[in-house]
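**Student:** Numbering of the sequence shown is given in my numbering, commencing with residue 1 and proceeding in unit increments. Ideal Cβ placement from N, Cα and C applies to all residues, glycine included. As the structure is a computational prediction, the values presented were derived from the model and not from experiment. Submitted below is the structure of interest, expressed as structure tokens.
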Amino acid sequence: MRILTILALGLLAGGHALACDYPSERVDRMPNGTTATMDDMLEAQGQVRDYVAAMEAYIECMDEDIDANREVYDEERLRVMLQRRDAAVEQVREIAEDFNTQVRLYNEAN
1 MRILTILALG
11 LLAGGHALAC
21 DYPSERVDRM
31 PNGTTATMDD
41 MLEAQGQVRD
51 YVAAMEAYIE
61 CMDEDIDANR
71 EVYDEERLRV
81 MLQRRDAAVE
91 QVREIAEDFN
101 TQVRLYNEAN
């Protein structure tokens, strides 16, 4: 029993990294706003919304992990974590920007 307690405490103390799993949500196909139907746009809107929500949760997890372990992680690990976080933010921005462009094109065409 004592060994199990020691192992559990060791895991709690050493397990400082949060499990920030990269989301599986994807935007399958961004419609072309000039030729898309309303159904195409609504389907893409749902996918974009789900993707953005999943990525925001991932980014929040990364932020919490970085904040909680800033003193624990070495410089290289911290640099990699920040790069992953920044790349996720950029991906969300690009997807949202692309979808908004297609919405504008759709509105102009219809």
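1. Using three-state DSSP, classify Thr37 as helix, strand or coil.
2. Using three-state DSSP, classify Asp28 as helix, strand or coil.
3. Thinking C-alpha only, which one of Leu42, Asp21, Asp86 is nearest Arg29?
4. Who are the near neighbours of Glu71 in its chain, counting only those whose CB is closer than 7 Å to its CB and skipping five residues on each side?
5. Which whole-angstrom value describes the C-beta separation of Gly46 and Leu105, a residue pair presumed to lie in contact below a C-beta threshold of 8 Å?
6. Where do the N-terminal and C-terminal ends of the alpha helix (DSSP H) with Asp21 fall, by residue?
7. Between the alpha carbons of Tyr73 and Thr101, how many angstroms are there, rounded?
8. The alpha helix (DSSP H) with Arg70 in it runs from where to where?
**Tutor:** Let's see:
1. The sequence position of residue 37 within the sequence shown is 37, counting from 1. Note: Thr37 maps to coil in three-state DSSP.
2. As a position in the sequence shown, residue 28 is number 28, starting the count at 1. Three-state DSSP puts Asp28 in coil, outside helix and strand.
3. Working through the sequence shown from its first residue, we reach residue 29 at position 29. Here the closest residue by C-alpha is Leu42.
4. Working through the sequence shown from its first residue, we reach residue 71 at position 71. Answer for Glu71: no residue qualifies.
5. To locate residue 46, count along the sequence shown from 1; it is residue 46. To locate residue 105, count along the sequence shown from 1; it is residue 105. With 8 Å as the limit, Gly46 and Leu105 do not qualify as a contact, their Cβ atoms being about 19 Å apart.
6. Locating residue 21 in the sequence shown gives position 21, counting from the first residue. From DSSP, Asp21 is part of no alpha helix (DSSP H); its letter is neither H nor E.
7. What you label residue 73 is simply residue 73 of the sequence shown in a count that begins at 1. What you label residue 101 is simply residue 101 of the sequence shown in a count that begins at 1. In a straight line, the C-alpha of Tyr73 is about 40 Å away from that of Thr101.
8. What you label residue 70 is simply residue 70 of the sequence shown in a count that begins at 1. Where Arg70 is concerned, there is no enclosing alpha helix (DSSP H), given that its DSSP letter is neither H nor E.
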